[in-house]
Amino acid sequence: MIDSGNTAWLLMSAALVMLMTPGLAFFYGGMSRAKSVLNMMLMSFGSIAIISVLWVLVGHSLTYAPGHGALEMFVGGFDYVGLSSIMTEVEPMDGTDGGYPLLVDAGFQLMFAVITVALISGAIADRAKFGAWLLFAPIWALLVYFPVAHWVWGGGWIASMHEFTGLPEVIDFAGGTAVHINAGAAALALVLVLGRRKGFGSESMRPHNLPFVLLGAALLWFGWFGFNGGSAYAANEQAALALVNTQVATAAATAAWMLVERLRYGKVSALGFASGAIAGLVAITPSAANVTPVGAIIVGALSGAICAYAISWKFRFKYDDALDVVGIHMVGGIVGCLALGFIASAAVPGGGDAGLFFGGGLGLLAAQAISVIGVMVYTFIVTWVIAKVIDLLIGFRIAEEVETNGLDHELHAESAYAFDELDELEETTASSPTPPGEEAASPRVGS
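Residue numbers for the sequence shown, in the working numbering: 9 to 455.
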């Protein structure tokens, strides 16, 4: 029997998560330069098209279907290929006589796969061939996202680690490892393969449209209630906690980020507000239902402050993470996952293991650290290999002339703005004064 109320919540959550990818397109589009905004947004929309189809064909199966022999620890099987075998299946729910259609879960997780791939694109803004990106996206999903999601949610080695190590179960409620650390590590590998943009570190590359950035952040914030709340798979106390924690962690992160800006530069920026919000959303993702609301505030504040500093690492270490995917998603995901080792509470709805500060010892922290390191290492290595092969076969990076003239005009024969307005906008953003030292620390330059 179908539980219509809980099923409706899952359907709504899937729709909310779908909204996040267009929101990401606006967020990234606003942060990019005026001559490449359409290209940047199309990288997100292209991910929707390609990954949606791939998920139905094989992705859901490789993530959730029972595996074969020793391979089950690393990747799922082929029982759910095409989704035909689960069209009428119902997943029972604890505490109720009903359940939800497995097809609803497939649709919900499809949206996670889409946005994970789209997240990566921000790191390589202004310099990647669009065709190479469309080739990279499905290969990366097949070799990285589907296996890693299986490790975390499909019964793979991370989900099963407690059985053969004696450590507590790894906690990743909605995708700190599978989504954010995964995307961040992939982004780092890609920027190392593609290299830095022309003028990185010496030219101002300010976001061209901050209202777009704020609109994108707002859509992401709204959609994240489905991302985290829907991961409870029921309209219950756990979903309510996840929703409240998502809100307060994000609020705390924005406050912390703005405080860092005020202390370092004497001013608070709109981009800082938006970036802080995303940092908080990322960090609370793995812990949304496993910390108290006060714990969520702590997670958000830590993430906002740490990520505000982490985005400057690209200038120190000379890697061109254009839109701060590494500094926000990888670092924020690490903060959220490891924080559970300290402040996870067993008193939350659904229970679970407690962190160190609640009498749980170091076991949970060790388990969380192993999962974080495992995902980072695997994702970085495999992504680097994929990108290198594509670069050798067809070239991943655009020609210097295309980069100079702008990807929108050269690759898509379009422009987001009238050409005279575009020239004026480029001149304005390029000549904006830069406060001393900002190149080495602020997201407002070099993105």
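Glycine included, each C-beta is placed from N, C-alpha and C at the ideal position.
Simplified DSSP state of residue i, which is helix, strand or coil
| i | result |
| --- | --- |
| glycine 85 | coil |
| alanine 131 | helix |
| glycine 107 | strand |
| arginine 324 | helix |
| proline 215 | coil |
| isoleucine 402 | coil |
| proline 100 | strand |
| alanine 136 | strand |
| isoleucine 10 | strand |
| methionine 26 | helix |
| glutamate 177 | coil |
| threonine 300 | coil |
| methionine 95 | coil |
| leucine 267 | helix |
Close-in-space but distant-in-sequence residues of the same chain around residue i (CB under 6 Å, 5 per side omitted)
| i | result |
| --- | --- |
| alanine 260 | Ile305, Gly308, Ala309 |
| glycine 85 | Ala73, Pro74, Gly75, His76 |
| glutamate 245 | Pro357 |
| leucine 32 | Ser52, Ala126 |
| tyrosine 36 | Met48, Gly130, Leu331 |
| glycine 162 | Thr71, Tyr72, Gly84 |
Alpha-carbon spacing of residue i relative to residue j, whole angstroms
| i | j | result |
| --- | --- | --- |
| aspartate 416 | phenylalanine 233 | 33 Å |
| phenylalanine 82 | threonine 262 | 37 Å |
| histidine 216 | threonine 254 | 29 Å |
| glutamate 411 | phenylalanine 53 | 21 Å |
| methionine 338 | histidine 188 | 6 Å |
| leucine 65 | alanine 375 | 33 Å |
| leucine 95 | leucine 111 | The amino acid at residue 95 is misidentified as leucine; the sequence shows methionine. Between methionine 95 and leucine 111, the C-alpha separation is close to 6 Å. |
| isoleucine 166 | tryptophan 159 | 5 Å |
| proline 443 | alanine 131 | Reliability fails at proline 443, whose pLDDT of 37 lies under 50, so the model's placement of it is uncertain and no value is given. |
| threonine 387 | lysine 322 | 19 Å |
| threonine 225 | alanine 282 | One detail in the question is off: residue 225 reads as alanine in this sequence, not threonine. Spanning the two alpha carbons is a distance of roughly 6 Å. |
| leucine 373 | proline 294 | 13 Å |
| aspartate 180 | methionine 39 | 29 Å |
| glycine 303 | alanine 421 | 49 Å |
| valine 1 | tyrosine 327 | Missing from the structure shown is residue 1; the chain here goes from 9 to 455 and no further. |
| serine 168 | phenylalanine 34 | 38 Å |
| leucine 222 | tryptophan 229 | 10 Å |
| glycine 90 | glutamate 97 | 14 Å |
| leucine 401 | isoleucine 389 | 19 Å |
| phenylalanine 172 | alanine 78 | 14 Å |
| glycine 359 | isoleucine 336 | 29 Å |
| phenylalanine 325 | methionine 213 | 18 Å |
| lysine 275 | alanine 248 | 35 Å |
| proline 155 | glycine 340 | 22 Å |
Whole-angstrom C-beta distance between residue j and residue i, which should lie under 8 Å
| i | j | result |
| --- | --- | --- |
| alanine 257 | isoleucine 292 | 4 Å |
| serine 470 | glycine 288 | Absent from the model: residue 470. The displayed extent of the chain is 9 to 455, so no value can be given. |
| alanine 355 | valine 45 | That belief does not hold up - the Cβ atoms of alanine 355 and valine 45 are roughly 47 Å apart, past 8 Å. |
| methionine 20 | isoleucine 123 | About 17 Å; that fails the 8 Å criterion. |
| isoleucine 58 | alanine 145 | 5 Å |
| glycine 231 | valine 393 | With 8 Å as the limit, glycine 231 and valine 393 do not qualify as a contact, their Cβ atoms being about 32 Å apart. |
Distance CB(residue i)-CB(residue j) smaller than 7 Å
| i | j | result |
| --- | --- | --- |
| alanine 157 | asparagine 236 | no |
| valine 125 | serine 12 | no |
| glutamate 99 | glycine 106 | no |
| glycine 368 | aspartate 361 | yes |
| glycine 363 | glycine 344 | no |
| leucine 458 | alanine 133 | Within the shown structure, residues of the chain are numbered from 9 to 455, placing residue 458 beyond reach of any answer. |
| glycine 238 | tryptophan 265 | no |
| alanine 377 | asparagine 298 | no |
| glycine 115 | alanine 250 | no |
| threonine 104 | valine 383 | no |
| proline 176 | glycine 371 | yes |
| serine 60 | tyrosine 88 | no |
Contacts around residue i, its chain only, beta-carbon distance under 8 Å, and the 5 residues preceding and following it disregarded
| i | result |
| --- | --- |
| threonine 391 | Trp148, Val152, Ala193, Ala194, Ala197, Leu198 |
| glutamate 408 | Lys206 |
| methionine 101 | Asp11, Asn14, Gly107, Tyr108, Tyr241, Ala242 |
| valine 252 | Pro301, Ala304 |
Cutoff 7 Å; reference residue i; Cβ partners in own chain excluding five residues on either side
| i | result |
| --- | --- |
| phenylalanine 404 | Ala136, Lys137, Ala140, Val201, Leu202, Ala395, Ile398 |
| tryptophan 63 | Leu118, Ala121 |
| glutamate 418 | Val410 |
heavy atom of the ligand MG below 6 Å from residue i C-beta
| i | result |
| --- | --- |
| alanine 42 | Inclusion of the ligand MG in the displayed structure is not the case, the ligand content being empty and no account of it being possible. |
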